[in-house]
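Chains A and B, in that order, give the protein sequences.
If you're matching positions, the first sequence starts at 1 in the working numbering and goes up one per residue.
If you're matching positions, the second sequence starts at 1001 in the working numbering and goes up one per residue.
Glycine included, every Cβ here is placed at the ideal spot set by N, Cα and C.
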Amino acid sequence: GENVEQHPSTLSVQEGDSAVIKCTYSDSASNYFPWYKQELGKRPQLIIDIRSNVGEKKDQRIAVTLNKTAKHFSLHITETQPEDSAVYFCAASKNTNAGKSTFGDGTTLTVKP
Amino acid sequence: KAGVTQTPRYLIKTRGQQVTLSCSPISGHRSVSWYQQTPGQGLQFLFEYFSETQRNKGNFPGRFSGRQFSNSRSEMNVSTLELGDSALYLCASSMGNQNTEAFFGQGTRLTVV
C-alpha cells in the first residue's frame, strides 16, 4: 500500500521567515496531494492541495510543489506569522481509492514572534 | 451549510466494553472516512463508506467496524476495547466520486481505562 513520509517532524522559525515541509510517497498511482493544518484541539483543515497534472500551486503565502518523477511534494509558507503555528499533515490518495488518504506523521511548526 | 458533526465529543470506557461513534457528513456528501489519531502515529485510516458500502479498508483488526445509513450518516463501532484504542477518532466527509477536499469533524476523544 501507499506510504507517506514527512520531514521534519518539528520546525521552528522566526516570524517573517519561510518554512518548508517535505513529503515523499511510494505509490506512483497516487494523484491527489492535500495539505492539512491542525491547530491545537481543533480539526484538520485543508489549506492547499495539488493534483498530479500540475507541478506547482500557490495561494497567497502558501505554495505546494510536486515532483512526480521523484515522488515528492513540498509545502512552502512564506512570511510566516505566529498564527501559522500548528501541526501540518501531508497526504496522498488516488482516484481508484477515492476517500482513502494516507497521511504523513505531521510537522509541528512553531513561529516565534 | 452545516459542517461535519461527530458525537459524542468525549467518551470514557472500560477495557472490554464496546463503543459506537457517530458521524453526520455535510449534506450532499456520500463518502465518510474514519481515521484514528494518536500522538505517535498521526492519522491512521480505518475505513471509508460510500453509498452505504464499505469501499476502502485500512489495516485495523476486526474489532473495528462501521456502517453507513441511507442518509450518509456513519457509525463506527469498536468492540472489546483495549487500552491502546484510546485516541481521537476523526471522520471526514467528501463528495466521494473522485478525490476532492475532505472535511473533518471535531472528532471523538475516546479514553479506555
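Exercise for the section: On a CA-only basis, which of B:Tyr-1010, B:Thr-1108 and B:Phe-1047 is nearest Gln-1068 (chain B)? Give me that one, please. Expected result: By one-based count along the second sequence, residue 1068 (chain B) stands at place 68. Of the listed residues, the one whose Cα sits closest to Gln-1068 (chain B) is B:Phe-1047.
Exercise for the section: Might you give, ordered along the chain, the residues of its own chain that have their beta carbon closer than 6 Å to the beta carbon of Tyr-1010 (chain B), omitting 5 neighbours on each side? Expected result: Here residue 1010 (chain B) refers to the residue found at position 10 of the second sequence. Taken in chain order, the residues that qualify are Arg-1109.
Handout entry: Cα-Cα separation, Gly-1107 (chain B) to Thr-1007 (chain B)
Key = Here residue 1107 (chain B) corresponds to residue number 107 of the second sequence, with the count starting at 1. Here residue 1007 (chain B) corresponds to residue number 7 of the second sequence, with the count starting at 1. Cα-Cα distance, rounded: 8 Å.
Practice task
Note down, in chain order, every chain B residue with its Cβ under 8 Å from the Cβ of Gly-34 (chain A).
Solution key: The count along the first sequence starts at 1 and reaches residue 34 (chain A) at position 34. According to the sequence displayed, residue 34 (chain A) carries Pro and not Gly. What Pro-34 (chain A) touches in chain B: Glu-1101 and Ala-1102.
Practice task
Would you be able to state if there are at least three C-beta pairs under 8 Å between the stretch 96-108 of chain A and the stretch 1030-1042 of chain B?
Solution key: yes
Practice task
Determine contact between the stretch 1023-1033 of chain B and the stretch 1072-1091 of chain B, defined as no fewer than three beta-carbon pairs at a distance below 8 Å.
Solution key: yes
Problem - Cross-strand partners of Met-1076 (chain B) (DSSP beta bridge) - result: Taking the first residue of the second sequence as position 1, residue 1076 (chain B) is located at position 76. Answer is B:Leu-1021 and B:Gly-1066, bridged to Met-1076 (chain B).
Exercise for the section: Verify the CB distance criterion: does Glu-1048 (chain B) have a CB-CB separation below 7 Å to chain A? Expected result: Reading the second sequence from its first residue, position 48 is the one you call residue 1048 (chain B). Taking Cβ atoms only, chain A reaches closer than 7 Å to Glu-1048 (chain B), which makes this a yes.
Practice task
Assign Asp-59 (chain A) to one of three DSSP states: helix, strand, or coil.
Solution key: Taking the first residue of the first sequence as 1, we reach residue 59 (chain A) at position 59. Looking at Asp-59 (chain A) - three-state DSSP - the assignment turns out to be strand.
Practice task
Compare the C-beta of Phe-73 (chain A) with all C-beta atoms of chain B and state if any pair is closer than 7 Å.
Solution key: Sequence index remark: in the first sequence, residue 73 (chain A) carries index 73 (1-based). Phe-73 (chain A) is outside the set of residues whose beta carbon lies under 7 Å from a beta carbon in chain B.
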